[in-house]
Amino acid sequence: MNDVALDTRVGDYALRLGDDALILAQRTGEWIAAAPELEEDLALGNLALDLLGQARTLLTYAGRADGSGRSEDDLAYFRDERDFRNCQLVELPNGDFAVTMARLFVFAAYQYELYSRLVDSADETLAAIAAKALKEVAYHRDHAGAWVRRLGDGTDESHRRMQAGLDTVWPYVDELFESDDLTRALAAVEIAVDPAELADPTLSHVRAVLHDATLDEPEPTNRHTGGRRGIHSEQMGYLLAELQHLARSHPGAQW
Amino acid sequence: MSSTRDPQLRDGGRSDGPEGSLQPTIAASSWPLWEVFVRARRGLSHVHVGSLHAPDAAMALRNARDVYTRRGEGVSIWVIPADQIAASSPDEKDAFFDPADDKVYRHPTFYHVPEGVEHL
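If you read the protein sequences in the order shown, they are chains A and B.
Each number in our numbering comes from the position in the first sequence (counting from 1) with 112 added on.
Each number in our numbering comes from the position in the second sequence (counting from 1) with 26 added on.
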């Protein structure tokens, strides 16, 4: 791999991580002013802002590394659906609070394992971004995990809804751990973390919490994938419309 | 955790009434009140910063982190159930505090404080 090809690939990799964070930030932000309690409203707002911060640094780096010179705003607001590289898990609608917590918990557990390895990346920028994000996602995992435990081990109704939440998100979990040419090539030069490596540690943490919560690990019959290639679910277009319409209606507008 | 069995928690306190009426329950009444104390940095005392609602101590600490330390305000948090605090009554204000007013010798104003000493 020559240097230009390598830089482009690093940019593509940063774009995947950044898109994951950006889309989940947007989804989580939808809870603001709608959470069950004021305190949880602030917690989810904080968490969405953590993710947005990760997205900003990752997208900025993606635009620089791939040589296109695109800014974070160019990447967030002026790409179309097929150019987004996020996994489908993060674009799922929020559903009820249990679905939101199920998604957040699994995704934060994945991000925790990812970033705790990416801090050793041969790419210094990715390593630094990971080091900052690691503390944030450790709290996300803890917070969502606490709710999964409470709701799973709570009333009959909270247990039923938490289990239903897990059932909703589970068909999207395997996509997190899919390797492809990009991740294999970058993992070989110790820049990226091979997603397949993350499956065992992520799921063992998740399973321990599910056990405490008296919840069953779902066994879905279908699996969704394709986000890394720009294949997204129906909901993605609506999400992007809300995310992008202001910037596209007023190009170049500033606060 | 027994406290999570509170039926008010089932859907975050925003459920319709038990008979499915359109009157929302008052969410705030379902969780007890906690008072929050934050220590800004080592060497200072914990200072009362406000209150919040939470079903138990673990969640109260978590909520306090999110509500009161978002801008790096602290290095340590205490949460205390509000109903565990014994407070002096406003009616007793005169008997409690007025007798101290004219006893100037109780104030450490007769000492010279060297410059540069903080947090005295």
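We put the beta carbon where it would ideally sit given N, CA and C, even for glycine.
These numbers were taken from a predicted model, which means no experiment stands behind them.
Cross-strand partners of residue i (DSSP beta bridge)
| i | result |
| --- | --- |
| proline 107 of chain B | B:Trp60 |
| valine 73 of chain B | B:Val64 |
| leucine 201 of chain A | In the DSSP output, where bridge partners are listed per residue, leucine 201 of chain A has none listed. |
| histidine 79 of chain B | B:Leu59 |
| serine 102 of chain B | B:Arg65 |
Distance between beta carbons of residue j and residue i, contact taken as under 8 Å
| i | j | result |
| --- | --- | --- |
| tyrosine 173 of chain A | leucine 294 of chain A | The Cβ separation is near 16 Å, so there is no contact. |
| leucine 226 of chain A | valine 321 of chain A | No, leucine 226 of chain A and valine 321 of chain A are not in contact; Cβ-Cβ is about 18 Å, not under 8 Å. |
| histidine 145 of chain B | glycine 69 of chain B | 7 Å |
| arginine 197 of chain A | arginine 128 of chain A | 4 Å |
| valine 75 of chain B | tyrosine 94 of chain B | 5 Å |
| leucine 163 of chain A | alanine 137 of chain A | 4 Å |
| proline 330 of chain A | tryptophan 282 of chain A | 4 Å |
| alanine 214 of chain A | glycine 277 of chain A | 4 Å |
| valine 62 of chain B | leucine 78 of chain B | 6 Å |
| valine 231 of chain A | alanine 221 of chain A | Their Cβ separation, rounded to whole angstroms, is 17 Å, which puts valine 231 of chain A and alanine 221 of chain A out of contact at 8 Å. |
| glutamate 149 of chain A | histidine 344 of chain A | That belief does not hold up - the Cβ atoms of glutamate 149 of chain A and histidine 344 of chain A are roughly 32 Å apart, past 8 Å. |
Partners in chain A for residue i, counting only beta-carbon separations shorter than 8 Å
| i | result |
| --- | --- |
| valine 101 of chain B | Chain A residues near valine 101 of chain B: none, gap ~15 Å exceeds 8 Å. |
| arginine 96 of chain B | Leu154, Asn158 |
Buried or exposed by the 16-neighbour rule on C-beta atoms within 10 Å, applied to residue i
| i | result |
| --- | --- |
| glycine 142 of chain B | exposed |
| glutamine 347 of chain A | exposed |
| threonine 135 of chain B | exposed |
| tyrosine 137 of chain B | exposed |
| proline 307 of chain A | buried |
| arginine 139 of chain A | buried |
| threonine 30 of chain B | Low confidence applies here, because threonine 30 of chain B scores a pLDDT of 41, under 50, leaving its location unreliable and the question unanswered by this model. |
| proline 50 of chain B | The predicted model places proline 50 of chain B with a pLDDT of 44, which falls under 50 and marks its position as unreliable; any figure quoted below should be read in that light. Classification of proline 50 of chain B: exposed, given that the 10 Å Cβ count is below 16. |
| histidine 133 of chain B | exposed |
| glutamine 275 of chain A | buried |
| aspartate 235 of chain A | buried |
| glutamate 354 of chain A | exposed |
| arginine 273 of chain A | buried |
Interface residues of chain B facing residue i [CB-CB closer than 9 Å]
| i | result |
| --- | --- |
| histidine 255 of chain A | Arg88, Asp92 |
Contact set between residue i and chain C, taken where Cβ atoms lie within less than 9 Å
| i | result |
| --- | --- |
| alanine 258 of chain A | Going by chain labels, chain C is absent from the structure shown, which instead holds the protein chains A and B. |
To be precise: take each residue of the stretch 67-81 of chain B, compare its Cβ to all Cβ atoms of chain A, and keep it if any distance is under 9 Å. Which residues remain? The residues in question are Leu78, His79, Ala80, Pro81.
Check each residue of the stretch 146-170 of chain A: if its Cβ is closer than 8 Å to any Cβ of chain B, include it; give the result in chain order. Flagged, chain order: Ala147, Pro148, Glu149, Leu150, Glu151, Glu152, Leu154, Ala155, Asn158.
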